[in-house]
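**Q** Residue numbers (my numbering), protein chains in the order written: chain Y, 1 to 154; chain P, 1 to 164.
Glycine included, each C-beta is placed from N, C-alpha and C at the ideal position.
Predicted, not measured: the structure shown is a model, and the values here were computed from it.
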Amino acid sequence: MPRCPRVLPLLVLFLVARPLAGQSFVTPIQDLDFGVVIRGVTTSVAPTDPVRRGRFYVKHILNQQVGLRFTLPSRLDRVGGGATMPINFGANDLMIQGTASNSVPEFFNPHGNQNYKLDTSPDIYLNMGGQVSPAANQPTGAYIGTITLTCTFF
Amino acid sequence: MRTTIRVSAVLAAFLTLGAMPAVAQSANITATANVFQAITVTGAQNLDFGNVFPGVNKTIPVSAGSAGRFDLTGQLSAPVQVAFTLPANLTSSGNNLPIGTWTGCTSPTTSAAGCTAFTPSGAPTSTAFSGAGALSVFVGATVLPGAAQPAGTYTGTVTLTANY
Numbered sequence: 001m002p003r004c005p006r007v008l009p010l011l012v013l014f015l016v017a018r019p020l021a022g023q024s025f026v027t028p029i030q031d032l033d034f035g036v037v038i039r040g041v042t043t044s045v046a047p048t049d050p051v052r053r054g055r056f057y058v059k060h061i062l063n064q065q066v067g068l069r070f071t072l073p074s075r076l077d078r079v080g081g082g083a084t085m086p087i088n089f090g091a092n093d094l095m096i097q098g099t100a101s102n103s104v105p106e107f108f109n110p111h112g113n114q115n116y117k118l119d120t121s122p123d124i125y126l127n128m129g130g131q132v133s134p135a136a137n138q139p140t141g142a143y144i145g146t147i148t149l150t151c152t153f154f
Numbered sequence: 001m002r003t004t005i006r007v008s009a010v011l012a013a014f015l016t017l018g019a020m021p022a023v024a025q026s027a028n029i030t031a032t033a034n035v036f037q038a039i040t041v042t043g044a045q046n047l048d049f050g051n052v053f054p055g056v057n058k059t060i061p062v063s064a065g066s067a068g069r070f071d072l073t074g075q076l077s078a079p080v081q082v083a084f085t086l087p088a089n090l091t092s093s094g095n096n097l098p099i100g101t102w103t104g105c106t107s108p109t110t111s112a113a114g115c116t117a118f119t120p121s122g123a124p125t126s127t128a129f130s131g132a133g134a135l136s137v138f139v140g141a142t143v144l145p146g147a148a149q150p151a152g153t154y155t156g157t158v159t160l161t162a163n164y
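#1: Count Cβ pairs between the stretch 83-99 of chain P and the stretch 56-73 of chain P that sit closer than 8 Å; are there 3 or more?
#2: Quick one: list the residues of chain Y neighbouring F36(P), beta-carbon separation under 8 Å, in chain order.
#3: For M153(P), which residues from the same chain have a beta carbon less than 7 Å from its beta carbon, with the 5 sequence-adjacent residues on both sides left out?
#4: Between V26(Y) and chain P, is the shortest Cβ-Cβ distance under 8 Å, so that the two count as touching?
#5: Out of A31(P), V62(P), G100(P) and A151(P), state which residue places its alpha-carbon closest to the alpha-carbon of A112(P).
#6: Run through the DSSP bridge pairs and tell me what I29(Y) is partnered with.
#7: On a CA-only basis, which of T120(Y), G130(Y), G112(Y) and F70(Y) is nearest S44(Y)? Give me that one, please.
#8: R55(Y) to L47(P), Cα distance in whole Å?
#9: Would you call the CB atoms of G82(Y) and P139(Y) closer than 8 Å?
#10: Once you ignore the five residues that flank I60(P) on each side, which residues in its own chain have a CB closer than 7 Å to its CB?
#11: Taking all protein chains shown into account, decide if G146(P) is buried (16 or more other Cβ within 10 angstroms of its Cβ) or exposed.
#12: For a contact meaning CB atoms closer than 8 Å, what does A22(P) contact in chain Y?
#13: For S121(Y), which of D77(Y), V41(Y) and H60(Y) has the nearest alpha-carbon?
#14: With 16 other CB atoms within 10 Å as the buried threshold, where does A148(P) fall?
#15: Look at L160(P) and V41(P) and say whether their C-beta atoms are less than 8 Å apart.
#16: Below 8 Å on the Cβ atoms is my guess for G114(P) versus F138(P); work out the distance and round it to an integer in Å.
#17: Determine which residues of the stretch 122-135 of chain Y have a Cβ less than 9 Å from any Cβ of chain P, and write them out in chain order.
#18: So, at 7 Å on beta carbons, what are the nonlocal neighbours of F108(Y) in its own chain, with the 5 sequence-adjacent residues on each side left out?
#19: Does any CB atom of chain P fall closer than 8 Å to the CB of Y143(Y)?
#20: Note down, in chain order, every chain Y residue with its Cβ under 7 Å from the Cβ of A27(P).
#21: Counting only beta-carbon atoms, is D77(Y) nearer than 8 Å to chain P?
#22: Does DSSP classify Q23(Y) as helix, strand or coil?
#23: Excluding the five sequence neighbours on either side, which residues of its own chain have a C-beta within less than 8 Å of the C-beta of P73(Y), listed in chain order?
#24: Going by other Cβ atoms of all chains shown within 10 Å of its Cβ, with 16 needed for buried, is L15(P) buried or exposed?
#25: Would a check of beta-carbon distances place T30(P) closer than 8 Å to chain Y?
#26: Looking at T150(Y): is its Cβ nearer than 8 Å to the Cβ of R69(Y)?
#27: Would M95(Y) count as contacting chain P if we go by Cβ distances under 8 Å?
#28: My guess is that F102(P) and P124(P) are in contact by the Cβ rule of under 8 Å, so how many angstroms apart are they, rounded?
#29: Report the neighbours of P73(Y) on chain P: residues whose CB is nearer than 8 Å to its CB, in chain order.
#30: Apart from the five residues just before and just after D71(P), which ones in its own chain have a Cβ nearer than 6 Å to its Cβ?
#31: Name, in chain order, the residues that DSSP records as bridge partners for F107(Y).
#32: Could you tell me if A31(P) is buried or exposed, where buried requires 16 or more neighbouring beta carbons within 10 angstroms of its beta carbon?
#33: Chain Y partners of Q75(P), CB-CB under 7 Å?
#34: Compare the C-beta of Y154(P) with all C-beta atoms of chain Y and state if any pair is closer than 8 Å.
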């Protein structure tokens, strides 16, 4: 009884300092939209393109790390079937930028897993670019694929 | 003894919470693209003013047989924008023949009958390919020869640029 009051405050402080479940999350913001693509013409979208880039938002805790792993398609599927179209992601097609005024955009290869430290802000935007390569005889129509970002909050 | 047990339990809880596993979450976006066939543009017919006399303006309407015509092909039923680079003058050996106004008309066929009028300019004009992927653009204009316009053959170039 006499020593409990000394230990209990430590435990309370520790629990308060742990991340809450709802405090850390990843959410989709914008699809990667190549728009109109001409048969036989390779078309790229830069991660800096505010209209066409894909975008995720991640929030965690300042100075903590987030593990970032993308599951990327290698082909887009024609809606209605009958064809696929190659899609590629280059060495600088992932741009990460914090939300603080002193946050500087950094470019990465989305194929590689990243452990990203949130050293300027507790939240970041992840902008995705990419490149599609329709064949000269590519069937016309809408094509679609899924990009998955899995975040591990440390 | 009771105190020791309590402290150990608290420490155990502390250590357990400190080793709490990282939490993972996933989110999806889609990558989309619309594949269209390429646009082709053909200068099908020149805009021909024929004989023009000094001091007498001459207009070629879009419905005239001597109106200019571009034929385009592209994605079936797709919207398309057309823009022009238009000369301010026709020229002949350093002499200018001013062009006053331009007229335009779009049609799903190579006939100007029932076509949709517009004013050609450098700014894009929205139109669309037919269900067969065809589009014709007719161009007319008015030339303004001066009273002392030198005789000669005057020419200029009209360029149409199309984009989805």
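**A** If we stick to the structure as given:
#1: no
#2: Locating residue 36(P) in the second sequence gives position 36, counting from the first residue. V36, V37, I38, R39 and T140, listed in chain order.
#3: Within the second sequence, the letter at position 153 stands for residue 153(P). Looking at the sequence itself, residue 153(P) is Thr, so the reference to Met does not match. Closer than 7 Å at Cβ, skipping near neighbours: S92.
#4: The residue given as residue 26(Y) occupies position 26 in the first sequence. Yes, contact with chain P.
#5: Reading the second sequence from its first residue, position 112 is the one you call residue 112(P). Comparing Cα positions, the closest option is V62(P).
#6: The residue you call residue 29(Y) lines up with position 29 of the first sequence. Beta-bridge pairing links I29(Y) to no other residue.
#7: The residue labelled residue 44(Y) in the question sits at position 44 within the first sequence. Among T120(Y), G130(Y), G112(Y) and F70(Y), the Cα nearest to that of S44(Y) belongs to G130(Y).
#8: Translated into positions along the first sequence, residue 55(Y) becomes position 55. Translated into positions along the second sequence, residue 47(P) becomes position 47. For R55(Y) and L47(P), the distance between alpha carbons rounds to 49 Å.
#9: For the purposes of this step, residue 82(Y) is taken as the residue at position 82 of the first sequence. For the purposes of this step, residue 139(Y) is taken as the residue at position 139 of the first sequence. Yes, these two residues count as a Cβ contact at 8 Å.
#10: Taking the first residue of the second sequence as 1, we reach residue 60(P) at position 60. Closer than 7 Å at the Cβ level, and outside the excluded window around I60(P), lie L47, F49, S66, A67, G140 and A141.
#11: Here residue 146(P) is taken as the residue at index 146 of the second sequence, counted from 1. Under this definition G146(P) is an exposed residue.
#12: As a first step, residue 22(P) must be located in the second sequence, where it is residue number 22. G67, T152, F153 and F154, listed in chain order.
#13: As a working mapping, residue 121(Y) is identified with position 121 in the first sequence. Among D77(Y), V41(Y) and H60(Y), the Cα nearest to that of S121(Y) belongs to H60(Y).
#14: Taking the first residue of the second sequence as position 1, residue 148(P) is located at position 148. A148(P) is exposed by the Cβ-count criterion.
#15: Here the question's residue 160(P) lines up with position 160 in the second sequence. Here the question's residue 41(P) lines up with position 41 in the second sequence. Going by C-beta atoms, L160(P) is nearer than 8 Å to V41(P).
#16: One-based indexing of the second sequence puts residue 114(P) at position 114. One-based indexing of the second sequence puts residue 138(P) at position 138. Not quite, the Cβ-Cβ distance comes to about 12 Å (not below 8 Å), so this is no contact.
#17: M128, G130, V132 and P134
#18: The sequence position of residue 108(Y) within the first sequence is 108, counting from 1. Excluding residues within five positions, the ones whose Cβ falls inside 7 Å are L94, I96 and Q114.
#19: Indexing the first sequence from 1 puts residue 143(Y) at position 143. With 8 Å as the cut-off, Y143(Y) counts as an interface residue toward chain P.
#20: What you label residue 27(P) is simply residue 27 of the second sequence in a count that begins at 1. Those are V26, T27, P28, F56 and L149, listed as they occur along chain Y.
#21: Taking the first residue of the first sequence as position 1, residue 77(Y) is located at position 77. For D77(Y), the answer is no, since every Cβ of chain P falls outside 8 Å of its Cβ.
#22: As a first step, residue 23(Y) is located in the first sequence; it is residue number 23 there, counting from the start. Q23(Y) falls in the helix class under three-state DSSP.
#23: Taking the first sequence and counting its residues from 1, the one referred to as residue 73(Y) is at position 73. Here the set comprises I87, G145, T146 and I147.
#24: Position 15 of the second sequence, counted from the first residue, corresponds to residue 15(P). Any reading at L15(P) needs caution, since the residue's pLDDT is 45, under 50, leaving its predicted position unreliable; the model's value is listed next. L15(P) should be labelled exposed.
#25: As a position in the second sequence, residue 30(P) is number 30, starting the count at 1. Yes, contact with chain Y.
#26: Reading the first sequence from its first residue, position 150 is the one you call residue 150(Y). Reading the first sequence from its first residue, position 69 is the one you call residue 69(Y). It is a contact, given that the beta carbons lie within the stated cut-off.
#27: Position 95 of the first sequence, counting from 1, holds the residue named residue 95(Y). It does not; no Cβ of chain P falls within 8 Å.
#28: Here residue 102(P) corresponds to residue number 102 of the second sequence, with the count starting at 1. Here residue 124(P) corresponds to residue number 124 of the second sequence, with the count starting at 1. In the sequence under discussion, the amino acid at residue 102(P) is Trp, which differs from the Phe named in the question. No, W102(P) and P124(P) are not in contact; Cβ-Cβ is about 15 Å, not under 8 Å.
#29: Counting from 1 along the first sequence, the entry for residue 73(Y) is found at position 73. The answer, in chain order, is A31.
#30: On the second sequence, residue 71(P) is found 71 positions in, with the first residue counted as 1. Same-chain partners within the cutoff: T42, A44 and S136.
#31: Working through the first sequence from its first residue, we reach residue 107(Y) at position 107. In the DSSP output, where bridge partners are listed per residue, F107(Y) has M95(Y).
#32: Here residue 31(P) refers to the residue found at position 31 when the second sequence is read from its first residue. The residue is buried, with at least 16 neighbouring Cβ atoms inside 10 Å.
#33: Here residue 75(P) corresponds to residue number 75 of the second sequence, with the count starting at 1. Chain Y residues near Q75(P): T140.
#34: As a position in the second sequence, residue 154(P) is number 154, starting the count at 1. No, its Cβ sits nowhere closer than 8 Å to a Cβ of chain Y.
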